[in-house]
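Sequential numbering from 8 applies to the sequence shown in the numbering used here. We put the beta carbon where it would ideally sit given N, CA and C, even for glycine. Below is one structure, written out as structure tokens; comments come after it.
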Amino acid sequence: MKIYTKKGDKGTTQLIGGKRVSKNNPRIEAYGTIDELNSYIGLVRDQNIDKNSYEILVEIQDRLFTIGALLANEGSTNKMKLPLIHQKDIDNLEIEIDKMNEVLPAMKSFILPGGNTTISYCHITRCICRRAERLVVNLPKKTIQFDLIIMYLNRLSDYLFVLCRYLGKQLNTKEIPWKPRF
8 MKIYTKKGDK GTTQLIGGKR VSKNNPRIEA YGTIDELNSY IGLVRDQNID KNSYEILVEI
68 QDRLFTIGAL LANEGSTNKM KLPLIHQKDI DNLEIEIDKM NEVLPAMKSF ILPGGNTTIS
128 YCHITRCICR RAERLVVNLP KKTIQFDLII MYLNRLSDYL FVLCRYLGKQ LNTKEIPWKP
188 RF
């Protein structure tokens, strides 16, 4: 299979199902940001992290490919069988959040992102996840599995925030609290 088709040379791309749309279409922006998020999760995964976090991130990357496929689907005219997001995927994120939170000190204030390259990458990833969520929210509600996709992305950003703190604890990195000035 050739990687280039030249069909996108005039600023359009093809959705699953064959419909061509502009590359600045909100749907393209949304699943392009999901792809960016997936790449950054790969960057976090490539850091020196524990085996469980690594495996959870691989699973998340798989779910993000599923979300990308669902967002790239043009809708009712497509008869292609697509992978799905399940409530269990969201439940699994919540289980992992709770496990990590059990070993973390209670938060008493907002914390500043950073302290270690791994943590910084994780915070950037969390921000990209929030952006992806905002872009998906703007899509038509008839998008396949719209509600579950929004729930998954919302929970994923929570997971990534707690992962930042969890990795910080593993790396013995002190959290710097935000000290608002009035």
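Would you say the segment 148-158 touches the segment 71-84, given that touching needs at least three Cβ pairs under 8 Å?
yes
Let me check understanding here. Comparing Cα to Cα, which of R52, K181, R27 lies closest to G121?
K181
Please tell me whether S60 and L170 are closer than 9 Å, where the distance is taken between their beta carbons.
yes
Using 9 Å as the threshold, is the C-beta distance between S29 and T40 below it?
no
Proximity below 9 Å, CB of M114 to CB of I23
no
What are the start and end residues of the beta strand (DSSP E) that includes T12?
Careful: T12 lies outside any beta strand (DSSP E) and carries neither H nor E.
May I ask you to report which of helix, strand or coil DSSP gives R27?
strand
Taking Cβ positions only, does G49 come closer than 9 Å to chain D?
Checking the listed chains, one finds no chain D in this structure; it contains a single protein chain.
Under a three-way DSSP split, which group does T132 fall into?
helix
Along the alpha helix (DSSP H) that carries Q94, what are the first and last residues, could you check?
94-109
On the premise that I126 lies in contact with L174, defined as a C-beta separation below 8 Å, what is that separation, rounded to the nearest angstrom?
6 Å
So the candidates are R188, F189, L100, P187; which of them puts its Cα closest to the Cα of F168?
L100
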